[in-house]
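Contents: one structure, followed by commentary.
Number of protein chains: 2
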Amino acid sequence: MSTPGRGLHGRVLDSLGPAITAGAYPPGSVLRTDELAQHFEVSRSVMREAVRVLESMHLVESRRRVGVTVRPESEWNVYDPQVIRWRLAGADRPRQLRSLTVLRSAIEPVAAGLAARHATAEQCAELTECALGMVAHSRGHQLAGYLVHDVAFHRVILDASGNEMFARLGDVVAEVLSGRTHHDVMFEDPDPAAVTLHVQLAEAVREGDPVRAEQLTREITVGALQELDILAP
Amino acid sequence: MSTPGRGLHGRVLDSLGPAITAGAYPPGSVLRTDELAQHFEVSRSVMREAVRVLESMHLVESRRRVGVTVRPESEWNVYDPQVIRWRLAGADRPRQLRSLTVLRSAIEPVAAGLAARHATAEQCAELTECALGMVAHSRGHQLAGYLVHDVAFHRVILDASGNEMFARLGDVVAEVLSGRTHHDVMFEDPDPAAVTLHVQLAEAVREGDPVRAEQLTREITVGALQELDILAP
DNA sequence: GTGACAAATAAGTCTGACTTTTTCTTCTCG
DNA sequence: CGAGAAGAAAAAGTCAGACTTATTTGTCAC
């Protein structure tokens, strides 16, 4: 799914990135490039490349005579897929999953509305196929197969919205859905109501009914929020 | 606002990044690190660091024996603030502004609803102050002053939502709002109706009325969409 | 205390040599 | 003539060392 350890600098990142995002170095901590290079047993050039990447993610800031200082969490590029992965792999994974699910609940209904307007015939067909796949795997502990179709379904919706910002959230949604299946909630078969909603959503998009598509997606995302106990009292 | 040219590699990025995002090198184009280094008159080490950053943004991919190949637009990290700036500075700025405004229209209503639940007293005060500032600068060609308060207003809403993914979109919103003021639409005083909506929204948040806050924000964002002729027929 | 000057420090830069991976070419053998 | 193996070539990757530069800190005179 991701791209682990492309080259030496990549391996350094795979180690240092998660450490920083996990809070191993509190904000304001100062690292020295040379020490890091020694610690990871790589040359300074490799270490510098890694630091540059962390810097471009706003995880650290490199200043002369000072060193490489860790930035506060509030400045991180939390939309960077790599940062998202690192954080999801860390200790406060549940908090990440909540943030991202709230994000989904804002984006997906609007995306579905747009999809109902702009989806091509081919995309409608894919959508129906995914929904059927979900139905087919909705009973009898076929969670893996269900997940595949669920992820594909939401990807198609986001793509069909015609908005590239929405489309690029496909990976995030995939991460959230698969995270939910593998680690957290969902030990048994998926909620039949959710399955039905997906089938109906495919219908609404196919029929070009934006209002219904948006409403159905809201119901789907409300379900996702409830699973994580994110709820209005 | 941004961080221009931090070091030599930064200056290379400021030149190469916009070129790539502007489509100067079509997807699949192959660049050579050495040639780039020569062209920009920097050492290979500096050039390599720049390439690493572009790689982390998924703008290019570096492979042995092949070179640095430009990735298709669909793979770029379009949420990276730097990439957003580069693209907004380019030729298809209008298209970017539309994408981002649609994104706003999805995010901000939900954020406002959450803000109505979670805003602190201090945030409520800030919000009211911003709204008053908008009113004060709403007539007599005081667009600059209006913009400052408008941006601050939306930042507070996003922050007060308590969701970090929303909060981190503050810069994007600022970019969109200031772009609209400086370059595109808005040559005269802002729409009085929009000003009123902001005042009412501050009220709704202060009174802890999520439904009204969300609805008012939808009306605000509908206005923003209409300005850019993004409309459902 | 304030301002200027000097020293220390760590990032930044450059260069050159070497390694490794991947691709292309070519040669051989069935 | 085609397939597969051996070899060559190309470009990124890695490393080590010397040097530069900006920034901070400390010191000294005023």
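Protein chains in written order, with this note's numbering: chain F, 198 to 430; chain A, 198 to 430. All C-beta atoms in this analysis are idealised placements derived from N, C-alpha and C, irrespective of residue type, glycine included.
I'd like to check one pair, His315(A) with Gly359(A): are the Cβ atoms closer than 8 angstroms? yes
According to the Cβ coordinates, are Gly225(A) and Thr266(A) closer than 8 angstroms? yes
Beta-carbon spacing of Gly287(F), Thr200(F) below 8 angstroms: For Gly287(F) and Thr200(F), no; Cβs fall outside 8 angstroms.
Would you say the segment 393-411 of chain A touches the segment 288-300 of chain A, given that touching needs at least three Cβ pairs under 8 angstroms? no
Interface flag, His206(F) vs chain A, CB-CB below 8 angstroms: yes
DSSP three-state label for Thr266(A), please. strand
Does the beta-carbon of His379(A) have 16 or more other beta-carbons within 10 angstroms, so that it is buried, or is it exposed? The residue is exposed, with fewer than 16 neighbouring Cβ atoms inside 10 Å.
Can you round the beta-carbon distance between Ser242(A) and Glu252(A) to whole angstroms, since I take them to be within the 8 angstroms contact cut? Glu252(A) and Ser242(A) do not touch by the CB rule: their CB atoms are close to 15 angstroms apart, not below 8 angstroms.
In angstroms with no decimal places, state the Cα-to-Cα distance between Pro407(F) and Glu416(F). 14 angstroms
Taking CB distances under 8 angstroms as the criterion, tell me whether Ile417(A) reaches chain F. no
Glu238(A) by DSSP, collapsed to three states: which one? It is coil, neither helix nor strand.
Does the distance from the C-beta atom of Gly510(A) to that of Glu411(A) stay below 8 angstroms? For residue 510(A) there is no data in the structure shown, the boundaries of chain A being 198 and 430.
Val275(A) in three-state terms, based on DSSP: Three-state result, Val275(A): coil.
Segment limits, alpha helix (DSSP H) that includes Arg301(A): It spans Arg290 to His315 - the alpha helix (DSSP H) in which Arg301(A) sits, taken as one unbroken run.
In terms of residues, what are the limits of the alpha helix (DSSP H) holding Ser375(A)? Gly367 to His379
Using a Cβ-Cβ cutoff of less than 8 angstroms, which residues in the same chain neighbour Leu294(A) once the five nearest sequence positions on both sides are dropped? Leu285, Val373, Gly376, Arg377, Asp381 and Leu425
I want to verify the contact list: residues of chain A whose CB lies under 8 angstroms from the CB of Val227(F), in sequence order. Neighbourhood of Val227(F) in chain A, by CB distance below 8 angstroms: empty, with the nearest CB roughly 18 angstroms away.
How would you write the range of the beta strand (DSSP E) that Ser259(F) sits in, first residue to last? Val257 to Arg260
Tell me the rounded alpha-carbon separation between Arg351(A) and Trp273(A). Checking the sequence shown, residue 351(A) turns out to be His, not Arg. Computed Cα separation, rounded: 27 angstroms.
Roughly how many whole angstroms lie between the Cα atoms of Ser335(A) and Arg208(A)? 39 angstroms
Could you tell me which residues DSSP puts in a beta bridge with Val227(F)? Thr266(F)
Is Thr414(F) near Glu305(F), with beta carbons less than 8 angstroms apart? The Cβ-Cβ distance between Thr414(F) and Glu305(F) falls below 8 angstroms.
Could you check the C-alpha separation between Val239(A) and Ala247(A) for me, to the nearest Å? 11 angstroms
Proximal residues of chain A, C-beta to C-beta of Glu319(F) below 7 angstroms: Ordered by position in chain A, no residue passes the 7 angstroms Cβ test against Glu319(F), which lies about 17 angstroms from the chain.
Through-space distance from Asp388(A) to Leu422(A), alpha-carbon basis: For Leu422(A) and Asp388(A), the distance between alpha carbons rounds to 14 angstroms.
Alpha carbon of Ala312(F) to alpha carbon of Ala349(F), nearest angstrom: 15 angstroms
Given Ser296(A) as reference, the closest of Gly204(A), Arg229(A) and Val275(A) once Cα atoms are compared: Val275(A)
Cross-chain neighbours of Ala303(F) in chain A, by beta carbon under 7 angstroms: Ala303, Ile304 and Val307
CB-CB under 7 angstroms to Ala328(F), same chain, minus the five flanking residues each way: which ones, in chain order? Phe350, His395, Val396 and Ala399
Where does Pro407(F) sit, in a helix, a strand or coil, going by DSSP? helix
Nonlocal neighbours in the same chain, by C-beta distance under 7 angstroms from Ala391(A), ignoring five residues either side: Ile417 and Gly420
Do you know how far the Cα of Thr317(A) is from the Cα of Gly202(F)? 43 angstroms
Closer than 8 angstroms to chain A by CB, Ser242(F): yes
Consider the Cβ of Leu374(F): report whether some Cβ of chain A lies at a distance smaller than 8 angstroms. no
Please identify the residue among Phe237(F), Asp386(F), His236(F) and Thr230(F) whose C-alpha is closest to the C-alpha of Arg249(F). Thr230(F)
Just to confirm the assignment, what range does the alpha helix (DSSP H) spanning Glu326(F) have? Ala318 to Ala333
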